[in-house]
Amino acid sequence: KDGALIEVIKSGKWDDAAVKQQLAAFSNIEQQARYYRVKYYFDLSKVLTPEQRQQVQQDLAQALE
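According to my numbering, the residues represented by the sequence shown are 1 to 65, in order.
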C-alpha cells in the first residue's frame, strides 16, 4: 500500500528513504504483473492457430504500451 507516502505527507517531514523504498515496491509489483501477462500470452500462443496468434501479438503490443 501507499501508507509510507501518506505518512510522509501527514507528518510534514520528508523521508527520502521511505519514499524511494515505497516507489521501488510499486515498480516491482508492476514488473511482476507485466511478467505474468507476457507469460500468459506466451503459453496461450502455443495452442492457437496462426491467425489467433497474430491477434494475440497485436493485443499484447497494445497492452504493453
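Even for Gly, the Cβ is constructed at its ideal location relative to N, Cα and C.
I'd like to check one pair, L5 with Q22: are the Cβ atoms closer than 7 Å? Yes, these two residues count as a Cβ contact at 7 Å.
Where do the ends of the alpha helix (DSSP H) carrying D16 lie? In this chain, the alpha helix (DSSP H) harbouring D16 covers 16-45.
Is A17 close to chain C? Criterion is C-beta to C-beta, closer than 7 Å. Here there is only one protein chain, and chain C is not present.
When you compare only the Cα positions, how much space is there between F26 and A18? About 13 Å.
Pick helix, strand or coil for L64, following the three-state DSSP scheme. Looking at L64 - three-state DSSP - the assignment turns out to be coil, as it is neither helix nor strand.
How many whole angstroms separate the CB atoms of A63 and R37, which I take to be in contact at a CB cut-off of 8 Å? Going by Cβ atoms, the distance from A63 to R37 rounds to 6 Å, so yes, they are a contact pair.
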